[in-house]
Structure formats: C-alpha cells, structure tokens
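S.K.: After the structure tokens below, expect a handful of questions from me.
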Amino acid sequence: MSSCGAARPSMFYQMDIPENSAPASAPRINTDLLVGRIVAPHLYRDDRIVYRTGSTQLGTYEYHRWAEPPADTIESLLVRALRSSGNFRSVQSLRSNARGDYILRGRLHELDEVGSGSANVTGRVNFEVELFSQKSGTVVWSKRYNNDEPVNGSEVPAVVEALNKNVQRAIDQIVAGLADYFAKNAPQQ
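To convert, take the position in the sequence shown, counting from 1, and add 326; that gives our numbering.
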C-alpha cells in the first residue's frame, strides 16, 4: 500500500543585512580585528526556527528552517558589517589563518519567536559580544543586546522579517559601539 499524499515542502529563510549598514563617517582604526565563533546552545546551532510558548518551553518548526544555523549566520554578518564599515585595517574570521590585534567573540542566548499563537508575537534576539585584546590578554569592551521586535502578522515569514530587523539593529549597535570604543582608546602601534 502506498501513500497518495505528497510530502510537505520545507521552507528555508536567510538573514541578511544591507551592505552598508554602518555609519559612513566612522574613523578608520589602524588595527586588525578577528571575529571569533559565536557560541550558542545546541538549539541555535541547528537550522530549525525556534519558537517559545512559555517562559521555559521551546519548540521548533519542522518545515521552516534557516539556510544555516543562526550562530553561524550572526558570525558571518558581523564579519561582513565590520568589513563594510571601513573602520578597521582588516577584519577576518578567527577560523582563517589571519592574525589580529583583537578578537570579537560572542554568545547567542536567544533567537526565537515569542508568543506563538497569541496576538502579541515578537521576534526575540538576545546575544552578547566581547572584545578581547591579544596584547593585554583582557576583555576591553562588551555589549549585550536583548530586544523583542513586534511581528507584523502571524506567519513564519513575518517572524523571520522581525528577527532579521532585530539582528540588523544589534549588529549596527555593535559596529557603532566598537567605533566609539576605538575612538576613545586608540590602539598603540
């Protein structure tokens, strides 16, 4: 006996930021920056989109997935945004063979739909980054971002749009925060 129904297709979504999302007036910093791995719980190292139904209960959509795991995406977006800002002599992934003066590393705590099935659905982004100085061996700057972006609609594509907007805002704040830090603490050469 065979089944007559077709399998439900999976939908894949990709987070993206505009190529020039950083302020153009930021000063150039004479330093090489490495972007380290964004660590995350297993749930955010998978490609399924996560939803939260209560303060402690999480679930995943079976047929709605990210094109790549969110932690990897955020790492890639940070590299791209920091490069396009023009603020640094170079920006490379720590996974490369490049050497750098500073390492930007982070932890993703949440990237999910909150309030699934309710009238007040939001896209929550919660992560932190820190800037580690290779020379001093200390963390010299850090930023925590935690925000709920309202979702316009009730479908998963609307949730993805809210999450994407939220991640973009976080990355813009990180790029601006790093520029501000280095404007006040110029690297010694």
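Note that the Cβ used here is the ideal one computed from N, Cα and C, for glycine as well. Computed from a predicted model, the values in this text were never measured in an experiment.
Using the Cα positions of alanine 352 and glutamate 388, report the straight-line distance between them to the nearest angstrom.
M.R.: The pLDDT assigned to alanine 352 is 48, lower than 50, so where the model puts this residue is not dependable, and the model offers no usable value.
S.K.: My guess is that threonine 399 and tryptophan 392 are in contact by the Cβ rule of under 8 Å, so how many angstroms apart are they, rounded?
M.R.: Threonine 399 to tryptophan 392, Cβ: 7 Å. Contact.
S.K.: Should aspartate 427 be labelled buried (16 or more other beta-carbon atoms within 10 Å of its own) or exposed?
M.R.: Per the 10 Å Cβ criterion, buried.
S.K.: How many Å lie between isoleucine 364 and asparagine 472 at the Cα?
M.R.: Spanning the two alpha carbons is a distance of roughly 16 Å.
S.K.: Work out the CA separation of valine 493 and leucine 403 for me, nearest whole Å.
M.R.: Each residue's alpha carbon lies about 9 Å from the other.
S.K.: With glycine 503 as the anchor, note down where its alpha helix (DSSP H) starts and where it stops.
M.R.: Run containing glycine 503: 482-510, per the alpha helix (DSSP H) assignment.
S.K.: Alpha carbon to alpha carbon, how far is leucine 360 from aspartate 372? Give it in angstroms, no decimals.
M.R.: Aspartate 372 and leucine 360: Cα-Cα distance of roughly 24 Å.
S.K.: DSSP beta-bridge partners for lysine 469?
M.R.: Per DSSP, Val455.
S.K.: According to the neighbour-count rule (16 or more other Cβ atoms, all chains shown, within 10 Å of its Cβ), is leucine 504 buried or exposed?
M.R.: So leucine 504 ends up on the buried side.
S.K.: Grab me the residues of glutamine 499's own chain with a C-beta within less than 8 Å of its C-beta, minus the 5 sequence neighbours each way, in chain order.
M.R.: If we look at glutamine 499 and ignore the five residues flanking it on each side, its Cβ neighbours are Lys469 and Tyr471.
S.K.: If I measure Cβ to Cβ from serine 442 and keep anything under 6 Å in the same chain, skipping five residues before and after, which residues do I get?
M.R.: Only Tyr377 and Thr379 meet the Cβ criterion.
S.K.: Going by C-alpha distance, which of Gly362, Met341 and Leu434 is nearest alanine 488?
M.R.: Closest by alpha carbon: Met341.
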